[in-house]
Every structure is written in C-alpha cells, then in structure tokens.
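Remarks on the structure that follows.
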Amino acid sequence: MKHTSRRRALPVASAALAVVAGLAVTAGATAAVPTTPGPRTAAQDATAHDTAAPDAAARTRAALIHALPGDQVFPESVAVDPATGRFYVGSVKDGTLYTGRVGAPGDLRVFSPAGADGRTIATGLAFADGRLVVAGRQTGQIFVYDTRTARLVSRLDTGLRAGQTFLNDVALAPDGSAYVTDSVAPVLWRAKPRGSGYVLEKFMDFTGTAVRYVSAPGAPGINVNGIAADPTGRYLVIGKRNEDALYRVDLKERRVAPVAMPSGTLSTPDGLVLRGRTLYVVQNLPGSVKSLSLAADLGSARALKDTPHPTFAFPTGAAVHQGRLLVVNSQFNTLGSPAAVSGTTRRSSRSGCPSCAYRRRDRRPAARRRPAPGDLPPGAGVTLHHAHTRRGRRIRPGRRHRRRSAR
Numbered sequence: 000m001k002h003t004s005r006r007r008a009l010p011v012a013s014a015a016l017a018v019v020a021g022l023a024v025t026a027g028a029t030a031a032v033p034t035t036p037g038p039r040t041a042a043q044d045a046t047a048h049d050t051a052a053p054d055a056a057a058r059t060r061a062a063l064i065h066a067l068p069g070d071q072v073f074p075e076s077v078a079v080d081p082a083t084g085r086f087y088v089g090s091v092k093d094g095t096l097y098t099g100r101v102g103a104p105g106d107l108r109v110f111s112p113a114g115a116d117g118r119t120i121a122t123g124l125a126f127a128d129g130r131l132v133v134a135g136r137q138t139g140q141i142f143v144y145d146t147r148t149a150r151l152v153s154r155l156d157t158g159l160r161a162g163q164t165f166l167n168d169v170a171l172a173p174d175g176s177a178y179v180t181d182s183v184a185p186v187l188w189r190a191k192p193r194g195s196g197y198v199l200e201k202f203m204d205f206t207g208t209a210v211r212y213v214s215a216p217g218a219p220g221i222n223v224n225g226i227a228a229d230p231t232g233r234y235l236v237i238g239k240r241n242e243d244a245l246y247r248v249d250l251k252e253r254r255v256a257p258v259a260m261p262s263g264t265l266s267t268p269d270g271l272v273l274r275g276r277t278l279y280v281v282q283n284l285p286g287s288v289k290s291l292s293l294a295a296d297l298g299s300a301r302a303l304k305d306t307p308h309p310t311f312a313f314p315t316g317a318a319v320h321q322g323r324l325l326v327v328n329s330q331f332n333t334l335g336s337p338a339a340v341s342g343t344t345r346r347s348s349r350s351g352c353p354s355c356a357y358r359r360r361d362r363r364p365a366a367r368r369r370p371a372p373g374d375l376p377p378g379a380g381v382t383l384h385h386a387h388t389r390r391g392r393r394i395r396p397g398r399r400h401r402r403r404s405a406r
C-alpha cells in the first residue's frame with residue numbers, strides 16, 4: 000500500500016530561543032512556521048538575528064533551545080543527519096515525529112503526524128543514509144522511514160505488546176543494521192537491511208548472561224536502555240538504567256560483558272552517544288551528561304566530567320552534530336507524563352510526581368517547589384538543548400573552546 004506523507008504547520012513556540020555565542024531570537028515573533036519543507040534562507044536567518052531581544056541573549060547565552068509546541072509532547076530521543084544538520088525527535092505521548100534544523104529554531108515542522116502507519120508512540124530514534132529508525136516502546140513495533148519522502152519503508156513487529164516489551168533505544172551499525180534495546184523483554188533486537196526493506200530478528204537473548212533483567216513496576220523495571228554502536232562494527236555499548244551499569248556487546252561473538260568502571264560512576268543512565276573513545280551518557284537524575292573515556296576494546300571506562308545545566312529537564316537522549324551535543328529534555332517527571340513502564344500515567348501521593356516510573360529527588364510537591372534559576376516555563380519547556388563538547392573534557396555552552404596543545 001502506498002503511504003502518503005502529510006505535513007502540517009506548527010504554532011510558534013512560547014519559550015525563548017537563543018543561539019550559541021550570544022546571538023538570540025525570541026519566540027514571540029508573529030511569523031508562522033513554514034508549512035512546506037526546505038531550509039530557511041540566509042536573509043530569513045539574518046532578519047531573525049537583527050530583531051533579537053538583548054535580554055533573551057543575556058538569559059539564554061548558554062544554550063540554543065528548540066522548543067516543541069504544546070505541553071504534552073514528551074520527547075525521548077533525537078537523531079541528526081550529519082550532512083544537513085536536520086534533526087528528528089518523536090513524541091512519547093502520541094507518536095508524532097518532528098523535524099527541524101540545528102541552529103534554525105524557526106525551521107520546525109511535523110515530519111509524520113500522530114497515528115500515521117499505526118505509530119502511536121515514539122521512543123528511540125536513529126538516522127543513517129536517509130533512513131530514520133523509530134522504536135515504538137510497548138507497541139512492540141519498529142518503523143523505518145525514508146527521510147527524503149517521509150514514506151514508510153518498513154514496519155517491523157516483535158509480536159509482543161504492553162507488559163511484554165518496552166522497545167527503548169536504537170543504534171545503527173556501519174552495515175546499516177539497527178539494534179534496538181528492550182527494557183522489559185531480555186532481548187536485543189536487530190533490524191537488518193534486506194532488499195528494499197528490513198527484516199527483524201532476535202539478535203541476542205540476555206537470559207543466562209551477565210545482563211540480568213528485573214521485573215518490577217516503574218523505574219526499577221527499566222533494564223537495558225541506551226545503546227551506542229562502535230564505528231568499527233565490532234561492538235555495541237548498552238546501558239542498564241536500574242543497575243547504573245554499562246555492558247559491551249561483541250557483535251561477532253554474540254557475547255556480552257560488563258564495562259569495568261568504579262562503583263558510583265553513573266546514575267540512572269539513559270541515552271548514549273559514542274564519539275571515538277568518548278562516551279556521553281545522559282543521566283535522568285540528577286539531570287546531567289557524563290562523559291567517559293573508554294578503553295580501546297570498550298571493556299573499561301573512566302569518568303571525565305559530569306555536566307548538569309539549568310535548562311535540562313529530565314534529559315533522556317542526545318546526539319552530536321558539528322561538535323555540539325543536542326540534549327532532549329523529556330520532562331518525564333512533570334504532570335501528564337506517560338513515562339511509566341506500563342505506558343500509563345499514575346499519580347503518586349507521596350512525591351507529587353504523576354508517574355511511578357520517575358520520582359523527583361526533591362520530595363516537596365511540585366507546586367510548592369521554588370523555581371530554580373533556568374527552569375523552563377510550564378508548557379514550553381519540552382526542548383532540545385545544544386551544548387558544546389570537546390573531547391569529553393567539558394560541556395560548557397556559550398563559550399568558544401581554546402585549542403589545547405597535545406601533551
């Protein structure tokens with residue numbers, strides 16, 4: 000059946016947007032987001048910069064924020080086309096896929112609407128060679144799209160449903176295979192290219208291995224989560240959230256082993272980004288990105304730096320583009336979050352957090368908690384946040400990095 004792509008315009012977001020290095024624009028402009036695809040012109044970008052608000056630059060000098068529309072998006076992951084700077088992000092709430100361009104907050108639109116192709120939820124995303132792979136969480140489905148046409152290439156079904164599966168994150172290997180983690184079923188899935196489509200297989204069953212799954216409601220039941228592929232095609236690195244641990248998967252031998260590192264190195268690891276031998280680990284709580292230096296065989300790691308940021312709002316995923324780290328603020332610890340493992344939102348009378356999956360470390364009710372500097376306004380804080388990175392040493396937004404001589 001031929002799939003017809005539909006696009007719709009997005010309303011202007013209400014959160015302030017700032018460009019790295021101090022150039023700023025505000026989101027209060029009256030211009031509508033373009034309804035047709037295509038990059039903004041240089042003249043449009045220049046106009047936006049010329050009309051920037053000085054106080055916005057002062058407030059958000061540290062980051063460029065792309066704000067998604069509404070207060071019920073709850074993005075989880077981000078993927079970037081390195082050739083064009085176009086990024087893709089999906090909604091855990093309804094499965095909508097959005098696309099924008101790094102450095103151009105006005106270039107934001109719906110790539111594929113909620114419910115298209117039976118996609119009602121979107122968690123992990125990965126991009127390579129014009130293909131976007133989307134994990135469907137407890138629906139047990141994986142979707143592959145042609146980013147040039149927004150048409151569905153393949154829809155793969157694990158045969159498992161809510162309570163049996165929780166497809167979480169995706170990594171693409173050099174051969175084009177997509178590896179998908181499952182936080183509930185002890186399986187590593189592989190979507191392998193075949194002809195013009197893909198075929199799905201259980202690449203590895205973790206039963207009886209060093210990766211021991213726990214069955215529990217909420218956060219304790221989130222097992223393997225983030226995943227990153229070694230550019231040589233030999234290894235994968237996976238994160239186990241409920242164990243604060245990393246594991247190395249040998250793709251050739253189909254074996255898994257712990258990544259050796261000091262106890263307490265990580266806290267609630269989620270999305271993983273591997274660049275060379277530097278691994279960026281997104282940590283839900285306390286809300287930071289930790290950079291690790293991995294051994295040549297990825298078998299051990301040492302911590303380099305842990306970087307929080309006032310704009311981080313329960314970060315869950317990240318991607319790198321031209322030396323900048325794009326961090327997804329899921330806001331899974333806010334009212335209306337669909338973050339629970341079961342896929343339902345439940346209130347907790349103890350913590351004031353709507354989801355049993357993620358609870359605030361600050362036990363005061365959310366309504367009474369004094370806003371911290373840099374807090375995003377309700378309904379406007381579902382964002383992508385850009386921060387500088389350099390060889391894992393620092394993530395310091397808003398400053399240019401000086402080159403350091405090799406020691």
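Everything in the sequence shown is counted per numbering that gives the first Met the number 0, starting at 0 for the first residue and increasing by one. Yeah, the Cβ is synthetic: ideal placement off N, Cα and C, and Gly gets one too.
What first and last residue would you give for the beta strand (DSSP E) that runs through residue i?
i	result
Pro216	Careful: Pro216 lies outside any beta strand (DSSP E) and carries neither H nor E.
Asn167	166 to 171
Gln71	Element bounds for Gln71: n/a, residue is neither H nor E.
Asn332	Here Asn332 belongs to no beta strand (DSSP E), and DSSP marks it neither H nor E.
Arg118	From DSSP, Arg118 is part of no beta strand (DSSP E); its letter is neither H nor E.
His320	314 to 320
Thr306	300 to 307
Ala209	Here Ala209 belongs to no beta strand (DSSP E), and DSSP marks it neither H nor E.
Asn328	323 to 328
Ser292	287 to 293
Ser90	85 to 90
Met203	196 to 204
Pro192	186 to 193
Ser111	103 to 111
Pro81	Where Pro81 is concerned, there is no enclosing beta strand (DSSP E), given that its DSSP letter is neither H nor E.
Gly94	Neither: Gly94 is in no beta strand (DSSP E) and is coded neither H nor E.
Whole angstroms is fine: what's the gap from residue i's alpha carbon to residue j's?
i	j	result
Val109	Ile120	14 Å
Asp305	Gly194	43 Å
Thr164	Val223	12 Å
Asp243	Leu235	17 Å
Trp188	Leu166	9 Å
Thr34	Val255	Legend: pLDDT at Thr34 = 27, less than 50; position of this residue unreliable, no value from coordinates given.
Pro192	Leu151	14 Å
Gly275	Ala170	15 Å
Leu245	Lys239	6 Å
Arg253	Ala228	14 Å
Leu334	Phe73	11 Å
Gly316	Leu265	15 Å
Val101	Val288	20 Å
Thr180	Val133	12 Å
Ser290	Gly135	28 Å
Val143	His308	33 Å
Gly207	Val258	18 Å
Asp116	Ile141	11 Å
Asp269	Thr148	30 Å
Thr138	Gly298	33 Å
Ile237	Met203	13 Å
Ser329	Arg233	31 Å
Ala103	Ala190	32 Å
Thr310	His320	19 Å
Asp361	Ala294	Since pLDDT at Asp361 reaches only 33, below the 50 mark, its modelled position is unreliable, and no value is offered.
Ile64	Leu324	12 Å
Val381	Gly162	Residue placement at Val381 cannot be trusted, given a pLDDT of 35 that sits under 50; the coordinates are not used to answer.
Quick one: using the 10 Å Cβ neighbour count with 16 as the cut-off for buried, is residue i buried or exposed?
i	result
Ala318	buried
Gly105	buried
Lys201	exposed
Gly99	buried
Ala82	exposed
Asp168	buried
Ser262	exposed
Arg85	buried
Asp296	exposed
Ala209	exposed
Pro173	exposed
Arg130	buried
Val198	exposed
Val183	buried
Can you tell which of the options has its C-alpha closest to the C-alpha of residue i?
i	options	result
Gly322	Val272, Val152, Gln137	Val272
Asp145	Tyr87, Thr180, Lys92	Tyr87
Pro68	Lys92, Ala78, Asp80, Ser176	Lys92
Pro230	Thr277, Glu75, Gly270, Leu124	Thr277
Phe408	Gly175, Gly162, Gly94	In the structure as shown, the chain starts at 0 and stops at 406, and residue 408 therefore has no counterpart that could be examined.
Leu124	Gly114, Asp80, Gly162, Ala103	Asp80
Ile221	Arg301, Val198, Asn283, Ala294	Asn283
Pro185	Leu199, Ile226, Phe205, Tyr178	Phe205
Val77	Ala338, Ser336, Pro314	Pro314
Ala491	Arg118, Asn332, Arg301	Here the chain has residues from 0 to 406 only, and residue 491 is not among them.
Note to self: Under 8 Å, with one C-beta from each stretch per pair, do the segment 208 to 217 and the segment 157 to 165 reach the 3-pair mark?
What the structure shows: no
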